[in-house]
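What follows is a short report on a single structure.
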Amino acid sequence: MFRTKQLAMMALAAMVVLSQPFARPAYSAPAISEHAADEASASPLLQGDLVRLRSGGPLMTIETVRGAVVDCIWTDPNGQTNEATFPAKVLQKN
(Lines of atoms letter the chains of each structure in order from A and count residues from 1; the text may use other names and numbers.)
(Lines give C-alpha, C1' and ligand atoms only; values in the text may rest on other atoms or scores of the structure.)
Protein backbone atom coordinates (compact mmCIF):
# COMPACT_ATOMS: atom_id res chain seq x y z
CA MET A 1 0.00 0.00 0.00
CA PHE A 2 2.87 2.36 0.79
CA ARG A 3 4.35 1.66 -2.63
CA THR A 4 1.00 2.48 -4.34
CA LYS A 5 0.67 5.71 -2.37
CA GLN A 6 4.25 6.66 -3.28
CA LEU A 7 3.60 6.00 -7.00
CA ALA A 8 0.37 8.03 -6.86
CA MET A 9 2.21 10.98 -5.26
CA MET A 10 4.98 10.80 -7.88
CA ALA A 11 2.40 10.69 -10.67
CA LEU A 12 0.58 13.69 -9.19
CA ALA A 13 3.84 15.65 -8.88
CA ALA A 14 4.78 14.79 -12.47
CA MET A 15 1.35 15.96 -13.71
CA VAL A 16 1.72 19.27 -11.88
CA VAL A 17 5.21 19.85 -13.27
CA LEU A 18 4.31 18.84 -16.82
CA SER A 19 1.11 20.90 -16.87
CA GLN A 20 3.15 24.11 -16.56
CA PRO A 21 4.14 25.78 -19.84
CA PHE A 22 7.78 25.22 -20.75
CA ALA A 23 8.23 28.57 -22.48
CA ARG A 24 6.80 31.77 -21.16
CA PRO A 25 5.93 34.47 -23.67
CA ALA A 26 8.37 37.36 -23.84
CA TYR A 27 6.81 40.78 -23.90
CA SER A 28 8.65 43.74 -25.35
CA ALA A 29 7.92 47.06 -26.93
CA PRO A 30 6.92 46.90 -30.59
CA ALA A 31 9.80 47.23 -33.00
CA ILE A 32 10.20 50.51 -34.84
CA SER A 33 10.44 50.17 -38.58
CA GLU A 34 13.57 51.47 -40.28
CA HIS A 35 11.52 54.11 -42.10
CA ALA A 36 9.89 55.32 -38.88
CA ALA A 37 13.27 55.47 -37.17
CA ASP A 38 14.62 57.58 -40.06
CA GLU A 39 11.70 59.98 -39.79
CA ALA A 40 12.04 60.23 -36.01
CA SER A 41 15.75 61.10 -36.22
CA ALA A 42 15.51 63.32 -39.33
CA SER A 43 15.85 67.04 -38.79
CA PRO A 44 12.97 69.21 -39.98
CA LEU A 45 12.95 70.49 -43.54
CA LEU A 46 13.71 74.20 -43.80
CA GLN A 47 13.63 76.82 -46.53
CA GLY A 48 16.85 76.63 -48.56
CA ASP A 49 17.58 72.97 -47.74
CA LEU A 50 18.70 70.72 -50.59
CA VAL A 51 16.46 67.68 -50.93
CA ARG A 52 15.77 64.80 -53.25
CA LEU A 53 12.78 62.50 -53.59
CA ARG A 54 13.26 59.30 -51.55
CA SER A 55 12.72 57.41 -54.80
CA GLY A 56 15.46 59.43 -56.53
CA GLY A 57 15.43 62.34 -58.95
CA PRO A 58 17.05 65.76 -59.29
CA LEU A 59 18.48 67.77 -56.43
CA MET A 60 15.92 70.42 -55.42
CA THR A 61 15.93 73.50 -53.20
CA ILE A 62 13.10 74.01 -50.72
CA GLU A 63 11.31 77.26 -51.50
CA THR A 64 8.67 77.12 -48.74
CA VAL A 65 7.51 74.69 -46.07
CA ARG A 66 3.79 74.70 -45.26
CA GLY A 67 3.29 72.09 -42.55
CA ALA A 68 3.47 68.65 -44.17
CA VAL A 69 3.70 70.14 -47.69
CA VAL A 70 6.91 71.45 -49.26
CA ASP A 71 7.35 73.65 -52.35
CA CYS A 72 10.56 72.83 -54.24
CA ILE A 73 12.40 74.38 -57.17
CA TRP A 74 15.12 72.88 -59.40
CA THR A 75 16.64 73.19 -62.85
CA ASP A 76 16.70 70.39 -65.42
CA PRO A 77 19.75 69.50 -67.58
CA ASN A 78 18.62 72.10 -70.19
CA GLY A 79 18.63 74.90 -67.60
CA GLN A 80 14.81 75.04 -67.46
CA THR A 81 13.52 76.01 -64.00
CA ASN A 82 10.86 73.70 -62.56
CA GLU A 83 8.83 73.82 -59.40
CA ALA A 84 6.46 71.43 -57.68
CA THR A 85 4.82 70.73 -54.34
CA PHE A 86 5.52 67.47 -52.49
CA PRO A 87 4.43 65.86 -49.22
CA ALA A 88 7.34 66.29 -46.78
CA LYS A 89 7.45 62.55 -46.08
CA VAL A 90 8.57 61.76 -49.67
CA LEU A 91 11.64 64.04 -49.43
CA GLN A 92 15.04 63.42 -47.89
CA LYS A 93 17.80 65.92 -47.16
CA ASN A 94 20.85 65.59 -49.35
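Residues -28 to -1, 1 to 66 (mature numbering (1 follows the signal peptide of the UniProt record, and there is no 0)) make up the sequence shown, in order.
Every residue, glycine too, gets a C-beta built ideally from N, C-alpha and C.
Treat the numbers as computed from the prediction; the structure is a model and nothing was measured.
Spell out the partners DSSP gives Lys65 in its beta bridges.
Val23.
Nearest-angstrom beta carbon gap, Asp48 and Thr57 [assumed within contact, 8 Å]:
About 17 Å; that fails the 8 Å criterion.
Residues sharing a beta bridge with Ala60, DSSP:
Answer is none; Ala60 lacks a bridge partner.
Per-residue burial, Ile45 [other beta carbons within 10 Å of its own, 16 or more giving buried]
Exposed, since its Cβ has fewer than 16 Cβ neighbours within 10 Å.
How about Leu63 and Leu31: are their beta carbons less than 8 Å apart?
Taking 8 Å as the Cβ cut-off, Leu63 and Leu31 do not qualify as a contacting pair.
With a cut-off of 8 Å on the beta carbons, I'd call Gln19 and Glu35 a contact; round off their distance for me.
With 8 Å as the limit, Gln19 and Glu35 qualify as a contact, their Cβ atoms being about 7 Å apart.
Looking only at C-alpha atoms, which of Met(-20), Lys(-24), Lys65, Thr(-25) sits nearest to Gly28?
Out of Met(-20), Lys(-24), Lys65, Thr(-25), Lys65 has the C-alpha closest to the C-alpha of Gly28.
With respect to the beta strand (DSSP E) encompassing Asp43, which residues constitute its N-terminal and C-terminal limits?
Annotation for Asp43: the continuous beta strand (DSSP E) segment containing it runs 41 to 47.
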